[in-house]
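Going by my numbering, the sequence shown opens with residue 6, and the numbers climb by one from there.
By construction, the Cβ of each residue, glycine as well, lies at the ideal position given by its N, Cα and C atoms.
The structure displayed is predicted, hence computed values, not measured ones.
Each remark here refers to the structure printed beneath this line.
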Amino acid sequence: MDPQVTTFAQPAVQQQMYNGSAAIAIMFSGRMLDLTDPANSRFATDFAFAPPPSVAGGDVLYNALSVDGWVIPENTEVDKDLLFRLVAASVGEEASRAAVPAAFPAREGSVTPASSPFAPAQLTALGKAPPPEPSPWTSRISNETRPVVADVLAGRTTIPDGQRQMQEIATAIVAEYRR
Numbered sequence: 006m007d008p009q010v011t012t013f014a015q016p017a018v019q020q021q022m023y024n025g026s027a028a029i030a031i032m033f034s035g036r037m038l039d040l041t042d043p044a045n046s047r048f049a050t051d052f053a054f055a056p057p058p059s060v061a062g063g064d065v066l067y068n069a070l071s072v073d074g075w076v077i078p079e080n081t082e083v084d085k086d087l088l089f090r091l092v093a094a095s096v097g098e099e100a101s102r103a104a105v106p107a108a109f110p111a112r113e114g115s116v117t118p119a120s121s122p123f124a125p126a127q128l129t130a131l132g133k134a135p136p137p138e139p140s141p142w143t144s145r146i147s148n149e150t151r152p153v154v155a156d157v158l159a160g161r162t163t164i165p166d167g168q169r170q171m172q173e174i175a176t177a178i179v180a181e182y183r184r
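Below, the structure written as structure tokens:
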């Protein structure tokens, strides 16, 4: 297999899809629109999009949901009211609708099943996303165990070894917050 088969570098994954060296990809990215452009790939009209799977057929999908937010720093020297107005304009209804299908705006109702080839998969994924976990260690555990998951999927690490490694990683991270 191509050594990039388990990469977490979105451009490398996308390139494999463009040139047909990968049959399936998991992308957590708004750049999926590029895959549907015939100028990028002779396979552009052949791509299909699906929501992530659930574990054992459960109601919650294996999912990563990123919630973006805007912050105006207290110590900014720029007029805070002006910054607020710029932020408000960027997330307004008109800007949100203009972002589709290249992005999935936070404004509810901007993305519909007819708005892009991957909108139905996105909407399903969002509708069955796990609830947000406000613990500061959650994203670190997810990020730091990904290479182990990739090694298990590629057969470089056994499942029991991978489970042990991921548990050790998670235990060490949580311990940092419990001190």
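Collapsed DSSP secondary structure at residue i in the structure displayed
i       : result
Ser-147 : helix
Ser-59  : strand
Ser-101 : helix
Ser-95  : helix
Ile-187 : Since the first and last residues shown for the chain are 6 and 184, residue 187 lies out of range.
Ala-175 : helix
Glu-79  : coil
Pro-106 : coil
Val-153 : helix
Asp-84  : coil
Phe-89  : helix
Glu-181 : helix
Arg-169 : helix
Cross-strand partners of residue i (DSSP beta bridge)
i       : result
Val-158 : This sequence places Leu at residue 158; Val is not what is there. Paired residue(s): none; Leu-158 is not in a bridge.
Leu-128 : Beta-bridge pairing links Leu-128 to no other residue.
Leu-66  : Ser-59
C-alpha gap between residue i and residue j, whole angstroms
i       : j       : result
Ala-107 : Phe-123 : 10 Å
Gly-167 : Ala-53  : 31 Å
Thr-5   : Gly-97  : Outside the displayed span of the chain (6 to 184) sits residue 5, for which this structure offers no information.
Val-116 : Arg-184 : 44 Å
Leu-128 : Thr-150 : 27 Å
Val-157 : Glu-173 : 15 Å
Asn-45  : Ala-175 : 40 Å
Gln-21  : Ala-93  : 37 Å
Phe-89  : Arg-161 : 50 Å
Gly-62  : Lys-85  : 48 Å
Same chain, Cβ closer than 7 Å to residue i, neighbours up to 5 away in sequence not counted
i       : result
Val-65  : Ser-59, Lys-133, Pro-135
Trp-142 : Ile-178, Val-179, Tyr-182
Arg-36  : Gln-15, Gln-19
Same chain, Cβ closer than 6 Å to residue i, five either side skipped, listed in chain order
i       : result
Ser-120 : Val-105, Pro-106
Pro-43  : Ala-49
Gln-170 : Val-153
Asn-80  : none
Asp-39  : Asn-45
Pro-118 : Ala-124, Pro-125
Neighbourhood of residue i by C-beta distance below 8 Å, restricted to the same chain and skipping five residues each side
i      : result
Val-83 : none
Restricting to runs no shorter than 4 residues, where is the alpha helix (DSSP H) found entirely within the stretch 9-49?
Counting only runs of 4 or more, we get 15-24.
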